[in-house]
Structures are given as structure tokens and as C-alpha cells.
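Right, one structure below, let's go through it.
Chains as they are written, first to last, in this note's numbering: chain P, 17 to 194; chain S, 17 to 194.
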């Protein structure tokens, strides 16, 4: 059976791609059958857009024993949680917390992308609780063609005022009267 | 193997309990082994609070054949979809569609219960999208003790205005300014 090891990657690493050097300790055997411990550095090329579960196999990098084929060593990509984005396939999702006044009167989203650019997305429509603003091609790169990208989907968590005075209520009734 | 038949019940029937008469057609055998078709009426007592999946077994009400035990006939309670309520265990859930103005300035919920009473629930707090008003003991009766009941949970679907004029926006900004 192959030896499996988790390979935790940040969303930034999976967005841009990166090279990871992993130190492994294993036993190797000489011609006489005597084994000795060695350390090796394996280089793993993380390609842009790789997903959680992607496997990278290093054949026969398990411990050597006389007359036994060493096992394969398999790294399995895992996605570290990100403070801003969650991933949904090739899409990225970000949730912005805004006030009810911002939702109703206009709001400009500002997001720092995984490669460090600042995206500015002005929204002029009324933002309701299920509103989703889709920014094309600002998601994750497609593994098969990293020049193409998924979408960035911006969702909103609208913070309602906890209480309103009777003057505020009267004003809102007047303003929003059908 | 037992013969299974669905027994669709409305939420009203499961709330109040009811008696259902089910006509079945089966074959019965006489002493000589000759079989003949008969129709029978089975009476099923639906108890208040019964849940989807409850089984009522009529032993040996399958077809009779010489030298073979007739199969059991099993009715399985199924819950018909209701236009107003959904059921969650012993709780009932109702979703009210209200305007944003109603959510902010106060709203009185009016619900017709499964036994035909009108419940009036005034809500004075600001209703936000996750707001839930719990009315104790207005849910489904507990099957083991129908004098006790689950809760009625009132949820809200807040309809935002699709567009606002710049005057409305200015007014809202002024009213909801922090």
C-alpha cells in the first residue's frame, strides 16, 4: 500500500502555483541488505488551480527492505481555510458584511485578490439578502487552462438595526410607502 | 414479506387525529382450497402527532392460498405537503412574506392554525432575515402525550424594494445614519 501524506496549501498557493520542498526520512538498503536512515528533499510543483484531493506520487520512496519493493509515497493536496475566500469548484466566494443603509443606498465592494490586487466593484442596485454580484474571471484558474478562470461571487450579510425609534419608523414608513 | 401501502395524511389529520376507512380487495380460501375475491373495509385510527413513517399492521390480511400463511398488510403514514406549514419533528414552521417597511416598522402575524383558530402575533422588534418568532405549544401534538405540543416557528421572507429613487436613498441615509 502507498504511504499517504497531507500537503496543506493556502488558497494563494493554489491560485498562483508554487514549488514546495518536502523533507522526508526513509531507510535505504545497501547491496548486503543493511539498512540506514537517510533524509531526502522532494520537490513538488503545485500548479495553479489544483484542487483539494489532487495526488502527487513519488514511486518507491518508502523504506527499503531487502527483497521488498519500497512503497510509493503519495502527497494529497489539502486546502487550508482562508480568512476571506471560500472555494466552490473554480469559483471563489466572499461574503461582505454591510449595514442595511449601505444595502439600500449603494455600496462599493473592495476586495484584495489572492494575487494581491485590489478589486473595486460598485453596486448601484438595492442589495437584498440573496443578492449575489458575480465578477467574471476573478475566481480560481482552471487546472487544465490556467489562462481561464472561474468567477468571484460576492454575497452579502446585511446587518439590520437592532432597534429603531418611533421617529425613524415613521420616516421609513413615509419613505417606503407603496 | 409484508404487503406495504402508503397512507397519505394531511397535516390537519395528523394534528387532530382521525379515523380512516380503507377498502381492500383480497382473495380468501374456503376449506376446500377454492379462492374467491372479497372486499373488506379496514379501520385505521390515526392518533394526534403521528409522524411520517408510522406503520399500522393488519396481520394476515394478504391473499389467502391453500397451505400458505397470508401476508401481513402494513400501512405506512405519509405526510401530504401543506400549503402553509412545514413540519420539523414536533415543530411547525410557517414563513411569512413581508415588505422591508413591515420588517422595520412592526408587523402583526396572523396564522390560521391546523384546527382552524386564528393566531395573532404582534412583533415589535426589527425583523431581520434570520429572525424567528417562536410561539410555544402551537406545534404538533406529541404522539406520546397529545396534551403537550411542539412550537410554532415563524420565519420571514423580507421583500426588499427593487429600486429606490435618489430622494428615498437620501432619506434612508439620514434616518439610519449611525
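The beta carbon of each residue, even a glycine, is placed where N, CA and C say it ideally should be.
Remember, predicted model here, so these are calculated numbers, not experimental data.
**Asked** Using CA coordinates, which residue listed in P:57, P:68 and P:20 is at the minimum distance from residue 156 of chain P?
**Response** Translated into positions along the first chain, residue 156 of chain P becomes position 140. When each option's Cα is compared against that of residue 156 of chain P, the closest is P:68.
**Request:** Could you check which residue in P:172, P:163, P:167 and P:187 has the C-alpha nearest to that of residue 32 of chain P?
**Result:** Start at 1 with the first residue of the first chain, and residue 32 of chain P comes out as number 16. With distances taken between Cα atoms, residue 32 of chain P lies closest to P:163.
**Request:** Over the uninterrupted beta strand (DSSP E) stretch that includes residue 72 of chain S, give me the two end residues.
**Result:** Start at 1 with the first residue of the second chain, and residue 72 of chain S comes out as number 56. 71-74 is the span of the beta strand (DSSP E), which, as asked, contains residue 72 of chain S.
**Whole-angstrom C-beta distance between residue 20 of chain S and residue 92 of chain S, which should lie under 8 Å** = As a first step, residue 92 of chain S is located in the second chain; it is residue number 76 there, counting from the start. As a first step, residue 20 of chain S is located in the second chain; it is residue number 4 there, counting from the start. Residue 92 of chain S to residue 20 of chain S, Cβ: 6 Å. Contact.
**Request:** Compare the Cα-Cα distances from residue 28 of chain S to each of S:37, S:107, S:98 and S:190 and report the closest residue.
**Result:** By one-based count along the second chain, residue 28 of chain S stands at place 12. The residue with the shortest Cα to Cα distance from residue 28 of chain S is S:98.
**Request:** Spatial neighbours of residue 35 of chain S within its chain, please: CB distance less than 8 Å, with the 5 preceding and 5 following residues excluded, ordered by chain position.
**Result:** Translated into positions along the second chain, residue 35 of chain S becomes position 19. Excluding residues within five positions, the ones whose Cβ falls inside 8 Å are 59, 60, 61 and 62.
**Asked** Quick one, are the C-beta atoms of residue 124 of chain S and residue 142 of chain S less than 9 Å apart?
**Response** Within the second chain, the letter at position 108 stands for residue 124 of chain S. Within the second chain, the letter at position 126 stands for residue 142 of chain S. No, they are not a contact pair.
**Message:** Within 10 Å of its beta-carbon, does residue 167 of chain P have 16 or more other beta-carbons around it, so buried, or fewer, so exposed?
**Reply:** Here the question's residue 167 of chain P lines up with position 151 in the first chain. Counting Cβ neighbours within 10 Å, residue 167 of chain P comes out buried, since at least 16 surround it.
**Message:** Would residue 101 of chain S and residue 130 of chain S qualify as a contact pair, given that the criterion is a beta-carbon distance under 9 Å?
**Reply:** Position 85 of the second chain holds residue 101 of chain S. Position 114 of the second chain holds residue 130 of chain S. Going by C-beta atoms, residue 101 of chain S is nearer than 9 Å to residue 130 of chain S.
**Request:** Please classify residue 186 of chain P: is it buried, with 16 or more other beta-carbons within 10 angstroms of its beta-carbon, or exposed?
**Result:** Taking the first chain and counting its residues from 1, the one referred to as residue 186 of chain P is at position 170. Exposed, by the Cβ-count rule.
**Asked** DSSP on residue 183 of chain S, reduced to helix/strand/coil?
**Response** Within the second chain, residue 183 of chain S is the residue found at index 167, counting from 1. In the structure shown, residue 183 of chain S sits in a helix (DSSP, three-state: H, G or I).
**Request:** Go to residue 117 of chain P, then tell me how far its alpha helix (DSSP H) extends in each direction, as first and last residue.
**Result:** Against the first chain, residue 117 of chain P aligns to sequence position 101. Element bounds for residue 117 of chain P: 116-121.
**chain S contact for residue 112 of chain P (CB, 9 Å cutoff)** = On the first chain, position 96 is the one that residue 112 of chain P refers to. No, its Cβ sits nowhere closer than 9 Å to a Cβ of chain S.
**Local conformation of residue 190 of chain S per DSSP, three classes** = For this step, residue 190 of chain S is matched to residue 174 along the second chain. It is helical.
**Item:** Entirely enclosed beta strand (DSSP E) segments - the segment 71-116 of chain S, minimum 3 residues
**Value:** 71-74, 89-95, 101-104 and 107-115
**Asked** What number of angstroms, rounded off, separates the C-alpha of residue 79 of chain S from the C-alpha of residue 57 of chain S?
**Response** Here residue 79 of chain S refers to the residue found at position 63 of the second chain. Here residue 57 of chain S refers to the residue found at position 41 of the second chain. Residue 79 of chain S and residue 57 of chain S: Cα-Cα distance of roughly 15 Å.
**Asked** Once you ignore the five residues that flank residue 148 of chain S on each side, which residues in its own chain have a CB closer than 6 Å to its CB?
**Response** Counting from 1 along the second chain, the entry for residue 148 of chain S is found at position 132. Cβ within range, chain order: 169 and 171.
**Asked** Relative to chain P, which residues along the segment 117-136 of chain S have a C-beta separation below 8 Å, given in chain order?
**Response** 117, 119, 120, 121 and 122
**Message:** Here's the rule I'm using: 16 or more other beta-carbon atoms within 10 Å means buried, otherwise exposed. How should residue 111 of chain P be labelled?
**Reply:** In the first chain, counting from the first residue as 1, residue 111 of chain P sits at position 95. That one is exposed.
**Prompt:** Does any C-beta atom of chain S lie closer than 9 Å to the C-beta of residue 42 of chain P?
**Reply:** Your numbering for residue 42 of chain P matches position 26 in the first chain. No, no contact with chain S.
**Message:** For residue 36 of chain S, report the span of its alpha helix (DSSP H) as first-last.
**Reply:** The residue labelled residue 36 of chain S in the question sits at position 20 within the second chain. Here residue 36 of chain S belongs to no alpha helix (DSSP H); instead the beta strand (DSSP E) covers 34-45.
**Request:** Could you list which residues in chain S have their beta carbon closer than 7 Å to that of residue 144 of chain P, in chain order?
**Result:** Residue mapping note: residue 144 of chain P aligns to position 128 of the first chain, counting from 1. Simply 176.
**Message:** Please classify residue 118 of chain P as buried or exposed, where buried requires at least 16 other C-beta atoms within 10 Å of its C-beta.
**Reply:** Counted from its first residue, the first chain places residue 118 of chain P at position 102. Its Cβ being crowded by 16 or more others within 10 Å, residue 118 of chain P is buried.
**Request:** Using beta-carbon positions only, say whether residue 45 of chain S and residue 103 of chain S come within less than 9 Å of one another.
**Result:** Indexing the second chain from 1 puts residue 45 of chain S at position 29. Indexing the second chain from 1 puts residue 103 of chain S at position 87. No. Outside cutoff.
**Asked** Hey, does residue 75 of chain P have any beta-carbon neighbour from chain S nearer than 9 Å?
**Response** Start at 1 with the first residue of the first chain, and residue 75 of chain P comes out as number 59. Taking Cβ atoms only, chain S never reaches closer than 9 Å to residue 75 of chain P, which makes this a no.
**Min CB distance residue 24 of chain S to chain P below 9 Å** = Translated into positions along the second chain, residue 24 of chain S becomes position 8. Closer than 9 Å: no.
**Request:** Take residue 145 of chain S as the anchor and find which of P:106, P:173 and P:41 has the nearest alpha-carbon.
**Result:** Residue numbering aside, residue 145 of chain S sits at position 129 when the second chain is read from its first letter. Considering only alpha carbons, the answer is P:173.
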